[in-house]
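54 is the number that my numbering gives to position 33 of the sequence shown; each next residue is one higher, with no gaps. We put the CB at the ideal spot given by N, CA and C, even for glycine. Computed from a prediction, not measured in an experiment: that's the story for all the values here. Working notes for the structure below.
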Amino acid sequence: MRIVKAAWLAVSSLIGSAVALATIAMIATGAAAVAGQQVQVPGLVMAVPGAEGESVSATIDRTGVPLWLVVIALSFAVAEYQRASRKKRRSRRASSGDPR
């Protein structure tokens, strides 16, 4: 059962990381469109507005995206692990009658 939980944690962390990266890219592109200036998230995306201000060109940095993906996925995994361990600790305290 632990293997299934660990696999689920890894998959859900990667999915969450991909969603976070897509959101960051959309925000950078939207900021470039609104501001009319180049917006860059180092190692992830560079958005450049068009000459007429109605179009935006976004370029994904393919060398930095895997690093971003791994770092964000690891942070999600650590947060979920801590949440689960706190939940387990609380349930043990409640069952033992500890007033904390």
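Check	Outcome
For residue 50 versus residue 79, is the C-beta spacing smaller than 8 Å?	yes
In the DSSP output, what is residue 60 paired with across the bridge?	68
Taking buried to mean at least 16 other C-beta atoms within 10 Å of its own C-beta, is residue 42 buried or exposed?	buried
Would you mind reading off the limits of the beta strand (DSSP E) that contains residue 84?	Where residue 84 is concerned, there is no enclosing beta strand (DSSP E), given that its DSSP letter is neither H nor E.
Can you list, in chain order, the residues of its chain whose CB lies under 8 Å from that of residue 39, leaving out five sequence neighbours each side?	90
Around the C-beta of residue 66, are 16 or more other C-beta atoms found within 10 angstroms, so that it is buried, or is it exposed?	buried
How about residue 68 and residue 60: are their beta carbons less than 8 Å apart?	yes
In terms of DSSP beta bridges, what is residue 78 paired with?	69
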